[in-house]
Amino acid sequence: MQSNFPRIEALDSLPVVGAFYDVPCLVCDRTGSWVPILGDLHSDPEIGISIMHWHPDARFLSKLQIRLLFRLEDVASVLPLVVNRDDIPDSTVQRRVLKCFRQMPEFPVTPRTKPFTQGLEKIFSDRKLECLSCPHRHFNLADVPVVEDQVTCPGHGLRWNVKTGALVKRC
Ligand code: FES
Numbered sequence: 000m001q002s003n004f005p006r007i008e009a010l011d012s013l014p015v016v017g018a019f020y021d022v023p024c025l026v027c028d029r030t031g032s033w034v035p036i037l038g039d040l041h042s043d044p045e046i047g048i049s050i051m052h053w054h055p056d057a058r059f060l061s062k063l064q065i066r067l068l069f070r071l072e073d074v075a076s077v078l079p080l081v082v083n084r085d086d087i088p089d090s091t092v093q094r095r096v097l098k099c100f101r102q103m104p105e106f107p108v109t110p111r112t113k114p115f116t117q118g119l120e121k122i123f124s125d126r127k128l129e130c131l132s133c134p135h136r137h138f139n140l141a142d143v144p145v146v147e148d149q150v151t152c153p154g155h156g157l158r159w160n161v162k163t164g165a166l167v168k169r170c
């Protein structure tokens, strides 16, 4: 059944922290446990990730969920994580109305994420951002904060200049 709340992936501006949105989630049919997911199911063979996965949408995870589900304290460290059906067995994608707890955190460059971001930067060095859709997996960047004319994709950390469309190297 369709809700009257805005669908998160259709936003063309930042979500409002504290407001409720219609969000896709991977839901365990047996227990009802769930994870909000970002973008489409995909793999990233170009950076050596063949498993089909989603990324958790950190905007809709409470601090308690981050601790219980991922055993992490820091919300930014949720961004490089992936979610697949093995994490939540007997699951289906369902929509839930969830509260927005925060804006999208900055995708971190760490020793673990750097090789992936670096690999993608080589592949996408001469590509341009169009209509705030990331040229990699077409994540919607219209609902991600712009900082000093730059937007960082929450998918895999590519950073784009919103005025020129050019890739901004981070590694
Ligand atoms: S979807 Fe991969 S960096 Fe944007």
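Following numbering that gives the first Met the number 0, the residues of the sequence shown are numbered contiguously, the last one being 170.
Note that beta-carbon positions come from the ideal geometry of N, C-alpha and C, so glycine has one too.
- Comparing the CB of residue 47 with every heavy atom of ligand 1, is any distance shorter than 8 Å? Outside the cutoff, so no.
- Query: Does DSSP put residue 66 in a helix, in a strand, or in coil?
  - Reply: Residue 66: helix per DSSP, three-state reduction.
- Message: For a quick check, are the C-beta atoms of residue 160 and residue 128 less than 9 Å apart?
- Response: Taking the C-beta atoms as reference points, residue 128 is found nearer than 9 Å to residue 160.
- In chain order, each beta strand (DSSP E) run of at least 3 residues that lies wholly inside the region 39–66: List check, beta strand (DSSP E) in window: 48–55.
- Item | DSSP-derived helix/strand/coil call for residue 19 | Of the three classes helix, strand and coil, the one that applies to residue 19 here is strand, per DSSP.
- So what does DSSP say about residue 117, is it helix, strand or coil? Correct three-state label for residue 117: helix.
- Message: Does the beta-carbon of residue 166, which I'm using as the reference point, lie nearer than 8 Å to any heavy atom of ligand 3?
- Response: The ligand content of the structure shown is limited to ligand 1, which means ligand 3 is not among them.
- Query: For the beta strand (DSSP E) that contains residue 90, what are its first and last residues?
  - Reply: Run containing residue 90: 90–98, per the beta strand (DSSP E) assignment.
- From the DSSP output, read off the bridge partner residues of residue 127. DSSP lists 165 as partners of residue 127.
- beta strand (DSSP E) containing residue 160: first to last residue? Its beta strand (DSSP E) spans residues 158–160.
- Message: Taking 9 Å as the threshold (C-beta atoms), are residue 106 and residue 151 in contact?
- Response: In contact: residue 151 and residue 106 (Cβ atoms closer than 9 Å).
- Cβ of residue 119 versus every heavy atom of ligand 1: is any distance shorter than 8 Å? Yes, ligand 1 has a heavy atom inside 8 Å of this Cβ.
- Message: I'd like to know whether the C-beta atoms of residue 92 and residue 55 end up nearer to each other than 9 Å.
- Response: In this structure, the beta-carbon distance from residue 92 to residue 55 does not fall below 9 Å.
- Item | Burial state of residue 142, where buried means 16 or more other Cβ atoms lie within 10 Å | Under this definition residue 142 is a buried residue.
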